[in-house]
Amino acid sequence: MTRETQPPPPAPTDPYPESRRTLHDFTVWMGQAAGEKQLFVQGPEHPLQHFQGDAVQHGPLKVLQCPLSSHNAKVLREILPNLKPQPLGLATSAGFGDRLGVATPGHVQALQAVGGRIRPIFAQQSIREMARTGRTPQQVLDDATWGAFQAGWTGTLGADADHLKTPEDIDRCAAAGFTFFTLDPSGHVDNAAGRDSAAVLQEKLGQLPWAALDTSETDLQRRYRALRLDLGHRTLTLDEEAITRAAVKYLPAVQQIQALFQHLQGKNIPFELEISVDEGDAPTTPAEHVFLASELKRLGVSWVSLAPRFIGSFEKGVDYIGDVDLLNLEMQDHALIARRLGPYKLSLHSGSDKFSIYPIAMHHTQGLVHLKTAGTSYLEALRVVAVTAPDLFTEMLEVAKQHFEEDRASYHISGKLDRVPVQPGNLPALLDHFDTRQVLHVTFGTLLQQFREPLMQLMEQHETLHLQGLREHFIRHLAPFAGA
Numbered sequence: 001m002t003r004e005t006q007p008p009p010p011a012p013t014d015p016y017p018e019s020r021r022t023l024h025d026f027t028v029w030m031g032q033a034a035g036e037k038q039l040f041v042q043g044p045e046h047p048l049q050h051f052q053g054d055a056v057q058h059g060p061l062k063v064l065q066c067p068l069s070s071h072n073a074k075v076l077r078e079i080l081p082n083l084k085p086q087p088l089g090l091a092t093s094a095g096f097g098d099r100l101g102v103a104t105p106g107h108v109q110a111l112q113a114v115g116g117r118i119r120p121i122f123a124q125q126s127i128r129e130m131a132r133t134g135r136t137p138q139q140v141l142d143d144a145t146w147g148a149f150q151a152g153w154t155g156t157l158g159a160d161a162d163h164l165k166t167p168e169d170i171d172r173c174a175a176a177g178f179t180f181f182t183l184d185p186s187g188h189v190d191n192a193a194g195r196d197s198a199a200v201l202q203e204k205l206g207q208l209p210w211a212a213l214d215t216s217e218t219d220l221q222r223r224y225r226a227l228r229l230d231l232g233h234r235t236l237t238l239d240e241e242a243i244t245r246a247a248v249k250y251l252p253a254v255q256q257i258q259a260l261f262q263h264l265q266g267k268n269i270p271f272e273l274e275i276s277v278d279e280g281d282a283p284t285t286p287a288e289h290v291f292l293a294s295e296l297k298r299l300g301v302s303w304v305s306l307a308p309r310f311i312g313s314f315e316k317g318v319d320y321i322g323d324v325d326l327l328n329l330e331m332q333d334h335a336l337i338a339r340r341l342g343p344y345k346l347s348l349h350s351g352s353d354k355f356s357i358y359p360i361a362m363h364h365t366q367g368l369v370h371l372k373t374a375g376t377s378y379l380e381a382l383r384v385v386a387v388t389a390p391d392l393f394t395e396m397l398e399v400a401k402q403h404f405e406e407d408r409a410s411y412h413i414s415g416k417l418d419r420v421p422v423q424p425g426n427l428p429a430l431l432d433h434f435d436t437r438q439v440l441h442v443t444f445g446t447l448l449q450q451f452r453e454p455l456m457q458l459m460e461q462h463e464t465l466h467l468q469g470l471r472e473h474f475i476r477h478l479a480p481f482a483g484a
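Here full-length UniProt numbering is used: the first residue of the sequence shown is 1, the next is one more, and so on.
Below is the structure:
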């Protein structure tokens, strides 16, 4: 690998001067050619031969002009290893979902503006979102690579294969180069366990996979009845009923997580794990958190972050809904548990736009926190549409309203169609309206099927406006987490 030195001043005609990186024998940068973004490489034959492109005259220099292809993204990650995803460890981190594949430069600008210790995951998308946006894991990773390169990102970064449920989906994301794997065992969590009758609980208890988990009901009771976890302000204990309900609720999920973790281990790649039990209608109590983490540790599973289901509602695209004072008390317990039993980070899923609770999360976790955002970047793209193409935005909103009830089925949201303004006077202001945000947020798949081409054209034509909006929006998200 070549050694990096101080780059020369960028040429005045380069539209992305931040991208220019000079190593001791060649220079790479992003520019424009025939109205398209291109990679330019100037230097001796040895580094150039790995890229696919055409030799051209660029001012006084002969350079290789290359398309932003998957092959060239892979080569770029090899020669600029900071662009190659890697595990990020326990550092304060943030994930930036990007449904269009063009938001990463704005995310980089926000990170650069707040400074601090936040480590980024620019490539982050769930299998569900990939299906709805028509993208592959490789496209998600490559788009993030080009975006980070364009904006001049020189720090480390990760890549999150989000909400994985099957070995096959793990394989696809691992092959693309993802390093952060979020396991979602929600289909194996029994959310009714907290309210089941004693008779129903006993019936479910007998059906648990005891042999596969190498334990028994008797062992569980003995193990957790003796537990005393000092949280400073109180000592957490579990009684017989709490143990039983926690076992019914989470042991099948523990088995699923263990199986997927072992599958990942077998791939012999660098990776870190996030465990997500945030989906569902039953909050994760502190006692259940202790039970879940302890059982996973007993079975040899290791993870870097865990997303419990907090009290209240973490809905898409809007601020926290619930009693902030109660969340403050609960988050204190969850953060202390994560430090006592780990340490590992608490992960805030559906974390975008939760401005009222960011200071609480940072305070209690002391930086052991991962913020996960997704559709809020897409909404900022729609804000550009509202400003620059109001007729197109109005048409998109009407289609979104027609498909809202169908598309909302896989999301926990409380937005209502009848609260969306019928005759809005200020279209951009709709992107700050609770119900309109949620209607547009969950219908992205439908809208992209019908409007992808004009939407992407607008993002290209108004790139500066789009990235400026993202920068300002994400500074608000990141600033509370950027302290030392």
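We put the CB at the ideal spot given by N, CA and C, even for glycine.
* Asked: How many angstroms separate the CA atom of Ala11 from the CA atom of Leu61?
  -> Note that Ala11 scores 43 on pLDDT, short of 50, meaning its location in the model is unreliable; the coordinates nonetheless yield the value given after this. Roughly 11 angstroms between the two C-alpha positions.
* Cβ distance (whole Å) where Tyr320 is taken to contact Leu326 below 8 angstroms -> Contact doesn't hold; Cβ gap of about 11 angstroms is too wide.
* **Through-space distance from Asp54 to Pro390, alpha-carbon basis** => 40 angstroms
* Cβ separation of Pro87 and Pro270, assumed to be a contact under 8 angstroms, to the nearest whole Å -> Their Cβ separation, rounded to whole angstroms, is 6 angstroms, which keeps Pro87 and Pro270 in contact under 8 angstroms.
* When the Cα of Val75 is compared with those of Ala131, Gln57, Ala91, Gln52, which residue comes out closest? -> Gln52
* From this set, Thr145, Arg234, Glu279, Pro454, which residue's C-alpha is nearest Pro191's C-alpha? -> A quick correction: the sequence has Asn, not Pro, at residue 191. Ranking the options by Cα distance to Asn191, first place goes to Glu279.
* Asked: In whole angstroms, what separates the C-alpha of Ala159 from that of Gln124?
  -> 6 angstroms
* In whole angstroms, what separates the C-alpha of Ser313 from that of His412? -> Near 9 angstroms, if we compare the C-alpha coordinates of His412 and Ser313.
* Asked: Out of curiosity, what's the CA-to-CA distance linking Asp50 and Val41?
  -> Inspection of the sequence shows that residue 50 is occupied by His rather than by Asp. So the alpha carbons of these two residues sit roughly 11 angstroms apart.
* Secondary structure, beta strand (DSSP E): runs of 3+ residues fully inside the stretch 337-394 -> 345-348, 369-373
* Beta-carbon spacing of Arg222, Phe444 below 7 angstroms -> no
* Quick one: any contact between the stretch 77-93 and the stretch 124-140, if contact means 3 or more CB pairs under 8 angstroms? -> no
* Backbone CA spacing between Gly266 and Leu183 [nearest angstrom] -> 16 angstroms
* Asked: The beta strand (DSSP E) with Trp29 in it runs from where to where?
  -> 27-33
* Which of helix, strand or coil DSSP assigns to Gly95 -> Residue state, collapsed to three classes: strand.
* Asked: beta strand (DSSP E) containing Phe181: first to last residue?
  -> 180-183
* Compute the beta-carbon to beta-carbon distance between Gly322 and Asp353, rounded to the nearest angstrom, for a pair I have assumed lies under 8 angstroms. => No, Gly322 and Asp353 are not in contact; Cβ-Cβ is about 14 angstroms, not under 8 angstroms.
* For Ser69, name the three-state secondary structure that DSSP assigns. => For Ser69, the three-state secondary structure derived from DSSP is coil.
* **Asp281 - containing beta strand (DSSP E), residue span** => Neither: Asp281 is in no beta strand (DSSP E) and is coded neither H nor E.
* Asked: Are the stretch 293-311 and the stretch 257-266 touching by the rule of at least three beta carbon pairs closer than 8 angstroms?
  -> yes
* **Simplified DSSP assignment, three categories, for Gln86** => Three-state DSSP puts Gln86 in coil, outside helix and strand.
* Okay, do the stretch 167-174 and the stretch 287-297 touch, 3+ Cβ pairs below 8 angstroms being the bar? -> no
* Enclosing beta strand (DSSP E) for Leu164 [first to last residue] -> 158-164
* Determine the closest residue to His441 out of Leu229, Ala335, Glu330, Tyr378, with distance taken between C-alpha atoms. => Tyr378
* Asked: Taking contact to mean at least 3 C-beta pairs separated by less than 8 angstroms, is the stretch 447-466 in contact with the stretch 382-400?
  -> yes
* Asked: Thinking just about the alpha-carbon of each residue, which of Phe178, Leu236, Gln255, His233 is nearest to the one in Trp210?
  -> Gln255
* To do: Leaving aside the five residues before and after Tyr250 along the sequence, list all residues of the same chain whose C-beta is less than 7 angstroms from its C-beta, in chain order.
  => For Tyr250, where only same-chain residues beyond five positions count, the Cβ hits under 7 angstroms are Val189, Glu288, Phe291, Leu292.
* C-alpha gap between His334 and Pro286, whole angstroms -> 6 angstroms
* So what's Glu36 in DSSP terms, helix, strand or just coil? -> strand
* Asked: By the 10 Å Cβ neighbour count, where 16 or more other Cβ atoms means buried, how is Phe474 classified, buried or exposed?
  -> Its Cβ being crowded by 16 or more others within 10 Å, Phe474 is buried.
* May I ask which residues mark the beginning and end of the beta strand (DSSP E) holding Pro308? => Premise fails: Pro308 is in no beta strand (DSSP E) and is neither H nor E.
* Just checking, does the stretch 388-407 make contact with the stretch 355-369 on the three C-beta pairs under 8 angstroms criterion? -> no
* **Endpoints, the beta strand (DSSP E) within which Ile121 is located** => 119-126
* Asked: If you run the structure through DSSP and keep just helix, strand and coil, what is Lys267?
  -> Coil.
* If you draw a straight line from the C-alpha of Gln402 to the C-alpha of Ile311, how long is it? -> If I take the Cα positions, the gap works out to 32 angstroms.
* **Residue nearest to Ala161 in terms of C-alpha spacing, selected from Trp153, Phe122, Ser19, Gln150** => Phe122
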